[in-house]
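Visitor: Okay, here's the structure, questions in a sec.
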Amino acid sequence: MEGVKGAWGHLRGPLCARSLALDGEEKRPAPPPSLLVDSPRSPSSIMVLSNDIDLLHPPAELEKRKHKLKRLVQSPNSFFMDVKCQGCFSITTVFSHSQTVVMCGSCATVLCQPTGGRARLTEGCSFRKKGE
Numbered sequence: 037m038e039g040v041k042g043a044w045g046h047l048r049g050p051l052c053a054r055s056l057a058l059d060g061e062e063k064r065p066a067p068p069p070s071l072l073v074d075s076p077r078s079p080s081s082i083m084v085l086s087n088d089i090d091l092l093h094p095p096a097e098l099e100k101r102k103h104k105l106k107r108l109v110q111s112p113n114s115f116f117m118d119v120k121c122q123g124c125f126s127i128t129t130v131f132s133h134s135q136t137v138v139m140c141g142s143c144a145t146v147l148c149q150p151t152g153g154r155a156r157l158t159e160g161c162s163f164r165k166k167g168e
């Protein structure tokens, strides 16, 4: 009894693809060596296997990329920052994910505008994260 190809081209019956390849019907060439080596842009070179890292002391860059609830210790992505006005050099405290326009208290210039996530600082304004 021989193997029969079904409607979708899959083999049915006692013969398998390996025995067909030995008969010489259909042999696939080996992939070129350039495809076997990880390129710097391939996602496998960026990903770190979970078996290769220390779970108690994960790298900081790996923890930073994770979702805020999936980190080893949950921590928010938001923070408070001191923003220095470019005109009058007064310092205003601003929330990083502010949903309203923040104006300078003394000269009434716009310090940051809300976006979908983090607030966008006006060009020329300098900032620093608030310490704990």
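Take any residue in the sequence shown, note its place counting from 1, add 36, and you have its number in this note's numbering. Using N, Cα and C, we set each Cβ at its ideal position, and we do this for glycine too.
1. To which residues of the same chain is C143 closer than 7 Å at the C-beta, ignoring the five residues directly before and after it?
2. Buried or exposed: which applies to A155, given that a residue is buried once 16 or more other Cβ atoms fall within 10 Å of its Cβ?
3. Hey, out of F115, C148, G152, T145, whose CA is closest to K165's CA?
4. So, helix, strand or coil for L71, using DSSP?
5. Evaluate S134 with the Cβ neighbour count: other Cβ atoms within 10 Å of its Cβ, from every protein chain shown; 16 or more gives buried, anything less gives exposed.
6. Check whether the Cβ atoms of K104 and P112 lie closer than 9 Å to each other.
7. Less than 9 Å between the C-beta atoms of T158 and L147, yes or no?
Guide: The structure says:
1. Answer for C143: C121, G123, C124, listed in chain order.
2. buried
3. F115
4. Note that L71 scores 49 on pLDDT, short of 50, meaning its location in the model is unreliable and no value can be drawn from it.
5. buried
6. Yes, the pair counts as a contact, with Cβ atoms nearer than the cut-off.
7. yes
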